[in-house]
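Residue numbers (the working numbering): 3 to 159. Cβ atoms here follow ideal geometry from the backbone N, Cα and C, with glycine treated the same way. Remember, predicted model here, so these are calculated numbers, not experimental data.
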Amino acid sequence: MIEPAYWLMKSEPDVYSIDDLCRDGSTPWEGVRNYQARNFMTSQRVGDRVLFYHSNAKPPGIVGIAEVVRLAYPDASQFSPESPYFDKKATSDHPRWWHTDIGYLAHFDRIITLDELRHTPELDDMLLFKRSRLSIQPINAAMWHVIVALRKKIMHR
DNA sequence: GCCAACGTTGGC
DNA sequence: GCCAACGTTGGC
Numbered sequence: 003m004i005e006p007a008y009w010l011m012k013s014e015p016d017v018y019s020i021d022d023l024c025r026d027g028s029t030p031w032e033g034v035r036n037y038q039a040r041n042f043m044t045s046q047r048v049g050d051r052v053l054f055y056h057s058n059a060k061p062p063g064i065v066g067i068a069e070v071v072r073l074a075y076p077d078a079s080q081f082s083p084e085s086p087y088f089d090k091k092a093t094s095d096h097p098r099w100w101h102t103d104i105g106y107l108a109h110f111d112r113i114i115t116l117d118e119l120r121h122t123p124e125l126d127d128m129l130l131f132k133r134s135r136l137s138i139q140p141i142n143a144a145m146w147h148v149i150v151a152l153r154k155k156i157m158h159r
């Protein structure tokens, strides 16, 4: 059996939230226009696990899990002059931007906030803190397990 | 809404 | 290939 890889993917809830993904079941992860994020996405395989992160949210944090349901294919929006994601240097023979499809798995019972992630010593090496603008990033298996365990932890205030 | 961080573009 | 200008991300 092949082990899945783990990822963190950011979305602004005002644009596309985990509730939207829950409603849709799955969605094409269109519109990524950062090379490193694209390269990570093209290396995703069906069955890989995804931490769904709400950025530009109050508070920002991980709100649930999802999975990769379709391998990367060319992003149609790069070819549409009307689209805000249009890229005049992309051609159908040589697409520049690719994306996978992401499927809903579950909401967490609570948000695991950025602040809480920062204060979890096992997560010190998360790219989230070092490369704050990278919207798709790999997560190692140990971190994945720490995070999914955190969601069951009861917060004392 | 502000602004620091940082990725991209394009002139040279 | 450098780097200034510019645009975007995303926390606060």
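{"Query": "Could you give the uninterrupted runs of the alpha helix (DSSP H) lying entirely in the segment 78 to 137, keeping only those of 4 residues or more?", "Result": "116 to 120 and 129 to 132"}
{"Query": "Leaving out five residues on either side along the sequence, give the residues of the same chain with a beta carbon under 8 Å from the beta carbon of D22.", "Result": "T29"}
{"Query": "Below 8 Å on the Cβ atoms is my guess for G63 versus L107; work out the distance and round it to an integer in Å.", "Result": "Rounded, the Cβ-Cβ distance is 17 Å, inconsistent with contact."}
{"Query": "Below 8 Å between beta carbons: does that hold for D50 and E69?", "Result": "yes"}
{"Query": "Where does the unbroken alpha helix (DSSP H) through W146 begin, and where does it stop?", "Result": "A143 to L152"}
{"Query": "On a CA-only basis, which of Q38, K132, D127 and P123 is nearest W99? Give me that one, please.", "Result": "Q38"}
{"Query": "Using the C-alpha atoms, what's the distance from A78 back to D103?", "Result": "13 Å"}
{"Query": "Please state whether DSSP places Q38 in a helix, a strand or coil.", "Result": "helix"}
{"Query": "Would you kindly work out how many angstroms separate the C-alpha atoms of P86 and V34, rounded to a whole number?", "Result": "11 Å"}
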